[in-house]
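Just so we're aligned: 161 in numbering that gives the first Met the number 0 is position 162 of the sequence shown, and the numbers increase by one with no gaps anywhere.
One structure is given below, encoded as structure tokens.
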Amino acid sequence: MKRLLLVAAAVGSLLALTALSQKMQSSPDIQKEPFGKAPDGEQVFLYTLKSPSGMTVKITNYGGTVTQILVPDRNKKFGDVVLGFNSLDGYTSKDNTAYFGALIGRYANRIAGGRFTLDGKTYQIPKNDHGVNSLHGGDVGFNKRIWQATPSGTAKNPALDLHYTSPDGEEGFPGTMQVYVRYSLGNDNDLRIDYRATTDKITIVNLTNHSYFNLEGAGSATVLNHKLTLMADKFTPINANLIPTGAIAGVAGTPFDFRKPTVVGAHINEKNQQLEYGKGYDHNFVLNASSGLALAAKVEEPKSGRVMEVLTTQPGIQFYSGNFLDGKNVGIGGPYRYRSALCLETQHFPDSPNHPNFPSTVLKPGQEFRSTTVYRFSTE
Ligand code: BGC
């Protein structure tokens with residue numbers, strides 16, 4: 000009897016131990032530390048996601064902002080490949096007009112005159128882009144909001160769930176919007192971003208992440224040596240205010256042809272009206288893929304050997320070559336200078352509400368907006 004009891008106790012503790020180790024294996028080890036106080040006094044935090052391969056991504060719930068992405072170079076040396084700051088001040092500074100690493104909404108990119116019409120009603124949102132257009136959601140976009148953050152995922156695939164409720168009328172947009180964003184690390188040195196949004200009144204939505212990449216390492220001089228491939232036969236030309244004209248033009252024979260790997264600097268200073276308007280590249284490319292999560296862009300940096308692939312379910316990607324960076328923002332990597340980083344913002348097209356020929360950005364009650372983007376890193 001005694002023996003039986005002993006065996007039962009041993010089996011019991013073994014089971015408990017197995018359950019504990021399974022739990023330890025599956026629960027993510029996400030570090031959370033104070034990051035500073037937002038302008039309204041609320042404490043915000045920095046969360047560190049680390050995958051078994053060592054890839055590390057830091058995210059603050061202020062603006063749902065990615066502050067650092069550490070990935071190896073071809074010699075297995077880890078380096079930070081996005082422009083960021085190590086405290087909140089860099090983000091809240093009045094000199095930060097660049098949206099470094101932030102989640103962008105309710106409407107990423109520009110809306111002409113900040114005006115759009117839904118069901119016959121015209122809405123005016125702030126013209127925060129030189130008083131002419133609206134840019135990235137108005138004066139106080141999602142990038143300046145504090146998101147509710149919940150660590151999730153597993154030890155192998157850690158994740159951070161973010162939630163923000165954008166009230167009806169916020170920045171002039173109709174409808175209360177519930178926005179959910181999940182950042183998660185995959186098995187392949189990849190950062191996945193899943194976006195979801197719902198509304199209680201007809202509205203518009205366009206969500207993206209505004210990370211600035213330099214694969215040689217944040218703070219390196221320029222991205223003009225980065226080799227870029229874009230899976231886009233077409234782009235949307237802009238006017239002098241960077242608003243799409245509505246045309247969908249072929250890239251063939253223009254400086255916008257990145258269908259084969261091309262260094263960013265190859266044509267950037269050519270005499271070309273579109274490049275003059277953008278002060279370099281600041282254009283939306285129409286992605287060839289018409290459904291599913293598909294490769295949209297590839298970036299290769301020769302010195303470090305780092306490669307980044309961007310996959311998305313979105314119809315467009317804004318390629319912005321950091322033309323407005325001017326060295327004023329000094330971050331973890333030092334001063335962030337002119338063209339020292341590039342953005343590849345997966346999105347719907349700019350100013351879609353005013354172009355019926357563009358894929359629609361209208362969201363109605365009962366519908367759910369969903370999109371996914373993956374930034375996958377490797378070396379060559
Ligand atoms: C826009 C640029 C803008 C930058 C930072 C990009 O998404 O296309 O024109 O300067 O964001 O504000």
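Even for Gly, the Cβ is constructed at its ideal location relative to N, Cα and C.
- With three or more CB-CB distances shorter than 8 Å, the stretch 63-77 counts as touching the stretch 303-315.
- Contact between the stretch 311-318 and the stretch 283-290 is established, with three or more Cβ pairs separated by less than 8 Å.
- Taking the Cβ atoms as the reference, residue 170 lies roughly 7 Å from residue 105, within the contact range of under 8 Å.
- The stretch 107-114 makes contact with the stretch 125-138: 3 or more CB pairs, one atom from each, lie closer than 8 Å.
- DSSP places residue 276 in the uninterrupted alpha helix (DSSP H) bounded by 272-277.
- Where residue 91 is concerned, the enclosing alpha helix (DSSP H) starts and stops at 87-91.
- Look at residue 113 here: in three-state DSSP terms it is helix.
- DSSP places residue 266 in no beta strand (DSSP E); its state is neither H nor E.
- At a cut-off of 7 Å, the beta-carbon of residue 271 does not count as near ligand 1: no heavy atom of the ligand is closer than that.
- With a beta-carbon spacing of about 5 Å, residue 360 and residue 205 fall inside the 8 Å limit used to define contacts.
- The residues 235, 236, 237, 283, 348, 349, 350, 354 and 357, in chain order, have a CB closer than 8 Å to that of residue 243 in the same chain once the five nearest residues on each side in sequence are set aside.
- Counting the other CB atoms within 10 Å of its CB gives residue 101 a total of 16 or more, which places it among the buried residues.
- For the 8 Å CB-CB criterion, residue 296 and residue 343 form a contact.
- When distances are taken from the beta-carbon of residue 313 to the heavy atoms of ligand 1, even the shortest one reaches 7 Å or more.
- Check the Cα spacing between residue 374 and each of 209, 139, 155 and 167: the tightest is with 209.
- Per DSSP, reduced to three states, the secondary structure at residue 318 is strand.
- For residue 323, the distance from the CB to the nearest heavy atom of ligand 1 is below 7 Å.
- Cα atoms of residue 35 and residue 86: separation of roughly 6 Å, rounded to the nearest angstrom.
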